[in-house]
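Engineer: This structure is in structure tokens; I'll ask about it shortly.
Shown next as structure tokens:
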């Protein structure tokens, strides 16, 4: 079964269409490169394409391995139940496997990303991965929001111009949907308790909401436009961020929580 068909068959997974991607590229004045390339074609491609591919694979690999570095130490053995501990362990293992798959692709094009295994959190590419998660509320909201941004990032590669990247997506996206679902359910359950529990999860939401929006990057990013031009991404930074806000804000409200201000504390507008 093709990757798109596999994902489309899963409840709650919405996919971008090729037409929609092309329209977004047109929004930013770029025409999408529509050819599909294998690894052996790269030597014939312009250096800009190869450099952008190296960059997107490196950052994606960093995000995949960055999550476990945030929460395994303090959350794995302190999760509120044995089942939850198992889920934390499984989540970390799946993220590490995602890293393995992405870094293998990077290695095939000559980009060594093994350094990402051991760099300090403060040196991660994205701000969201530069701290430490120490509370169950933070772990839950991280899954609800940050893993959801991760889904958006991965969706950019659906039907992308580099076929080896496109091929590994179905299983990775399937597992990410599980992480998102667990984080969303846990956040809702904590909020439903009311009182101090709701206050704590609201504080976590306020913190991670800002980080999530910044993960999409600058609205006026020229590099974002070039990713779109070469068919390595489907949406501009601003379009993806708008879609994310439209998706998560109603969920937050349905939990009885307050949607945080979308500008306060932001670094990339």
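In my numbering, the protein residues as written are 2 to 270.
Just so you know, even glycine gets a beta-carbon here, dropped at the ideal spot from N, CA and C.
With a cut-off of 8 Å, do at least 3 Cβ pairs link the segment 57–75 to the segment 129–145?
Structural biologist: yes
Engineer: Does DSSP put residue 135 in a helix, a strand or coil?
Structural biologist: Translated into the one-based positions of the chain shown, residue 135 becomes position 134. Here residue 135 sits in coil by DSSP.
Engineer: In chain order, which continuous runs of the alpha helix (DSSP H) of length 4 or greater are located wholly inside the segment 172–210?
Structural biologist: none
Engineer: Is the Cβ-Cβ distance between residue 267 and residue 220 less than 8 Å?
Structural biologist: As a working note, residue 267 is residue 266 in the chain shown. As a working note, residue 220 is residue 219 in the chain shown. Not closer than 8 Å, so no.
Engineer: Check whether the segment 248–266 and the segment 201–218 touch, using three or more Cβ-Cβ pairs below 8 Å as the test.
Structural biologist: yes
Engineer: Is DSSP giving residue 268 helix, strand or coil here?
Structural biologist: If you number the chain shown from 1, residue 268 lands on position 267. DSSP places residue 268 in coil when its eight states are reduced to three.
Engineer: Output the distance between the C-alpha atoms of residue 126 and residue 132, rounded to the nearest integer angstrom.
Structural biologist: Within the chain shown, residue 126 is the residue found at index 125, counting from 1. Within the chain shown, residue 132 is the residue found at index 131, counting from 1. The alpha-carbon atoms of residue 126 and residue 132 are separated by roughly 12 Å.
Engineer: Going by DSSP in three states, residue 163 sits in which element: helix, strand or coil?
Structural biologist: Reading the chain shown from its first residue, position 162 is the one you call residue 163. Residue state, collapsed to three classes: strand.
Engineer: Should residue 84 be labelled buried (16 or more other beta-carbon atoms within 10 Å of its own) or exposed?
Structural biologist: Residue 84 sits at position 83 when you count from the first residue of the chain shown. Classification of residue 84: exposed, given that the 10 Å Cβ count is below 16.
Engineer: Taking residue 54 as the reference, give the member of 262, 72, 158, 249 with the closest Cα.
Structural biologist: The residue given as residue 54 occupies position 53 in the chain shown. Nearest C-alpha to residue 54: 158.
Engineer: Report back the beta-carbon spacing between residue 35 and residue 232 to the nearest angstrom; my notes put them in contact at under 8 Å.
Structural biologist: Counted from its first residue, the chain shown places residue 35 at position 34. Counted from its first residue, the chain shown places residue 232 at position 231. Right, their Cβ atoms sit about 6 Å apart.
Engineer: Short check: CB of residue 61 to CB of residue 154, under 8 Å?
Structural biologist: Position 60 of the chain shown, counted from the first residue, corresponds to residue 61. Position 153 of the chain shown, counted from the first residue, corresponds to residue 154. Yes, they are a contact pair.
Engineer: When the Cβ atoms of the segment 84–103 are set against those of the segment 173–191, are three or more pairs found closer than 8 Å?
Structural biologist: yes
Engineer: Can you tell me which of the three DSSP states residue 38 falls into?
Structural biologist: For the purposes of this step, residue 38 is taken as the residue at position 37 of the chain shown. In the structure shown, residue 38 adopts extended strand secondary structure according to DSSP, grouped into three states.
Engineer: Please name the residue in 110, 63, 156 whose C-alpha comes closest to that of residue 244.
Structural biologist: Walking along the chain shown from the start, residue 244 turns up at place 243. The residue with the shortest Cα to Cα distance from residue 244 is 156.
Engineer: Could you pull the start and end residues of the alpha helix (DSSP H) that residue 288 belongs to?
Structural biologist: Nothing in the structure corresponds to residue 288, since the chain is present only between 2 and 270.
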